[in-house]
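Inspection log for the structure reproduced underneath, given as structure tokens.
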Amino acid sequence: MVNFGIFLLFCFGFLSNSFGQDNGGDSDINSTTAVYIVTLRQASSLHLFQQEAEEVKRVRDQSKHGDTSKFTRPKLQPRNISRSRYWRSRRSAIAQAHDSLLRNALKGEKYIKLYSFHYLINGFAVFVSSQQAETLSRRREVANIVLDFSVRTATTYTPQFMGLPKGAWVKEGGYETAGEGIVIGFIDTGIDPTHPSFNGTDTSQRQYPIPNHFSGVCEVTPDFPSGSCNRKLVGARHFAQSAITRGIFNSSEDYASPFDGDGHGTHTASIAAGNHGVSAVVSGHNFGSASGIAPRAHISVYKALYKSFGGFAADVVAAIDQAAQDGVDILSLSITPNRRPPGVATFFNPLDMAMLSAVKAGIFVVQAAGNTGPSPKSMSSFSPWIFTVGAASHDRDYSNSIVLGNNVSIPGVGLALRTDEGKKYTMISALDALKNKSSVVDKDMYVGECQDYGSFDKDVIRGNLLICSYSIRFVLGLSTIKQALAVAKNLSAKGVVFYMDPYVLGFQINPTPMDMPGIIIPSAEDSKVLLKYYNSSLVRDGTTKEIVRFGAVAAIAGGQNANFSNRAPKIMYYSARGPDPQDSLFNDADILKPNLVAPGNSIWGAWSSAATESTEFEGESFAMMSGTSMAAPHVAGVAALVKQKFRKFSPSAIASALSTTSVLFDNKGEAIMAQRAYANPDQTISPATPFDMGNGFVNATAALDPGLIFDTSELNT
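Read in order, the letters of the sequence shown correspond to residues -20 to -1, 1 to 697 in mature numbering (1 follows the signal peptide of the UniProt record, and there is no 0).
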């Protein structure tokens, strides 16, 4: 079996003379530089170790009394050879081989090496011109060269919905021990170590040691100071050489440390392994006690994605390589490629090959399916050796509604206060409350989004409900709910009503925290009902057509109280679907994807103090997010529980336990349904197929008592 490494070359338009004397000669790299991923033929240090260990075993089995000491190696497992002198010598030798290859192939030419990969894959990252790439492709050491690609990021109640308190946690001795001794690694946007979900202080009087098999470290930087790690957060690193060399890394915005300036990584880590019993308080309201799926599992973070630009394959591969060296048990990736990798197969790309080697090292790898559904072949997680997770709903929601003066009730969302009970308030459209209608409307077609306090007449709005439009600008972050609420407060409005622009389709609107009465009407059709009632209730002057009285009234029910009556689970429209595409031509691969679905819609999770991914949750300690990014860590947490109970289970055995125990029916005893369209998704549902949900919905309790296990070896992956 040929073992492949990775050699990464990156797109760059300019390379200055300051790249160092070990970059080769004095000639400049020209403007035709491009990003390539080159696969080497030589085995990685892990693969060499495993091959030699297999040879030792073979010789020992054949010799009953012979001296086989010359074949012995330290008694190490693949995931902790990084502690040995053997490993360090291999690492040094492979890095020297990389340098030698570059010097010999690119004599007298300038280049810059970013990483040497040696543990899971054998290769390195380097900037070169297209001509240099062609030269390298002709080297006998090189197996293949492809273009590099970018990647992107794709709870208080879900443990109860998944039956953990009375099921899986009981089997593990309660939440106090659930996941103990297991390390979950996260390739994401980092973590906020100050969040109580990651507090390592043990209040249960139980020992909480860092597992012996784990050897990771914590970086120390000004924004990730000494003491950030503890017995819960046991490792933290960041990887950004690709972005730095491209000149797009902003250390003040992106943080040159494991600290999470985005929020996504903090959120996903808390879903899988956040502490139990942490109060989720948002906008002053307590929404319950949060817990990760495996609350006693340990967390190790490998930051390779950043809020301002996303991420790049080289940094992610380096992160995966390091996580495997450190000895993580589970690896969770809520990230996917931005596009299907080119080549003969989608899963013969550097990320998937690195994950294959991680699986070979005994690590169970979980990846989000992607948020590119509901079309067939929209899958963004490709390979058969990793566990791909789609997103489903759960039965909790925070329903809100507005009751109009004609007694029509319109459903909506918004974690908002209610208006005074038994009282209806006059509604005023922002477009009808302008100080200077003619000049403002002509200059700013978006004035109806209520983003500018100075545009409106406070005397008209005071004490009334302000009606604002919700356009694509909210989706893009150009306008925000938070700013509209601030404007409404300054205008002394009683509350805010957002109606949906008809051009906003296929966007998931999570319940948004509001510190005053408010509601977002997510349906364009319901928004038409609201506007029709409002316009028909206006009284205008017969001559001037000016409004003389606002006749529309309404009351907002409020949306801070949860209800648990929804039919669930249901496959969400954005969850990527199979069949698994084999290549960029959309030929089918003979692989079932997704493998499973898990809760991914409207999920509470920890939020970074500096997070900006969701403007509406800025400054909050918890946020509600949706996506397959939220579904994947649910399964990572369940996998940690399975690994805790069955320590000798291989990754494929864990996959078998999860797959064969999954649920095919919803909480009403009916077939699980799947949404089929972006617009009005609940009006286009039908029974889910394996291409929608894989084997079904995750069942944590049953996975801990799986019965028959279908295991496999690396030769079958």
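Just so it is clear, CB atoms sit at the ideal spot from N, CA and C, and this is done for glycine as well. All values reported here derive from a predicted model rather than from experimental measurement.
Membership of Leu446 in the beta strand (DSSP E) is indicated by the continuous run 445 to 450. Sixteen is the threshold: since fewer than 16 other Cβ atoms of the shown chains lie within 10 Å of the Cβ of Gln187, the residue is exposed. The closest CA to that of Val440, considering only Cys448, Ser288, Ser409, Ile489, is found on Ser409. By the Cβ rule, the stretch 451 to 462 does not count as touching the stretch 554 to 571, because fewer than three pairs are nearer than 8 Å. Annotation for Gly245: Phe166, Asp168, Thr169, Gly170, Ile171, Val281, Lys283 place their beta carbon closer than 7 Å to its own, counting only its chain and skipping 5 residues before and after.
A contact between stretches requires three or more CB pairs, one per stretch, nearer than 8 Å, and the stretch 657 to 674 fails this requirement with the stretch 602 to 621. Beta-carbon to beta-carbon, Asp375 and Ser288 are separated by about 37 Å, too far to satisfy the 8 Å threshold. Beta-bridge annotation (DSSP): Tyr286 is paired with Gly290.
Straight through space, the alpha carbons of Leu576 and Thr640 are spaced by roughly 10 Å. Where Val214 is concerned, the enclosing beta strand (DSSP E) starts and stops at 213 to 218. Note that the C-beta distance between Val618 and Ile190 is not below 7 Å. Going by C-alpha positions, Phe328 is about 14 Å away from Asp560. For Gln562, there is no enclosing beta strand (DSSP E), as DSSP gives it neither H nor E. Around the beta-carbon of Ala371, 16 or more other beta-carbon atoms lie within 10 Å, marking it buried.
Collapsing the DSSP output to three states places Thr524 in coil.
Judged by beta-carbon spacing, Lys90 lies beyond the 7 Å limit of Val106, meaning their Cβ atoms are not closer than that value. Taking a cut-off of 8 Å for Cβ pairs, the stretch 626 to 645 and the stretch 387 to 398 do not touch, as fewer than three such pairs fall below it.
Going by beta carbons, Thr316 and Phe362 fall outside the 7 Å limit.
Membership of Ile251 in the alpha helix (DSSP H) is indicated by the continuous run 244 to 253. Assignment of Val296 by DSSP, reduced to helix, strand and coil, places it in the helix class. Residue burial is scored here from C-beta neighbours: Gly434 has fewer than 16 other C-beta atoms within 10 angstroms and is therefore classed as exposed.
Between Ile500 and Gly394, the CB-CB gap stays under 7 Å. Per the C-alpha coordinates, the member of Phe239, Met407, Gln431, Gly307 positioned closest to Arg442 is Met407. Bounds of the beta strand (DSSP E) holding Asp168 are 163 to 168. Thr524 and Tyr554 have their C-alpha atoms roughly 48 Å apart. Residue environment: Tyr483 is assigned as exposed (fewer than 16 neighbouring CB atoms within 10 Å of its CB, all protein chains considered). Straight through space, the alpha carbons of Arg453 and Ala23 are spaced by roughly 50 Å.
Residue burial annotation: Asn84 is exposed, with fewer than 16 other C-beta atoms found within 10 angstroms of its C-beta. Checking the DSSP bridge columns, you'll see Pro493 partnered with Leu395. The stretch 296 to 316 makes contact with the stretch 340 to 358; the number of CB pairs closer than 8 Å reaches 3 or more. For Ile461, the enclosing alpha helix (DSSP H) has its first and last residue at 461 to 470.
Contact check for Asp691 and Ser632: beta-carbon distance about 5 Å, within the 8 Å limit, so the pair qualifies. One thing to note: Pro321 has its Cβ no nearer than 7 Å to the Cβ of Val297. Within the DSSP bridge table, the entry for Gln347 names Leu313, Thr368 as partners. Inclusion of Tyr405 and Asn351 in the CB contact set at 7 Å is not warranted, their separation being larger than that value. Sequence-distant Cβ neighbours of His256 in its own chain, meaning closer than 7 Å and more than five residues away, are Tyr155, Ser271, Pro275.
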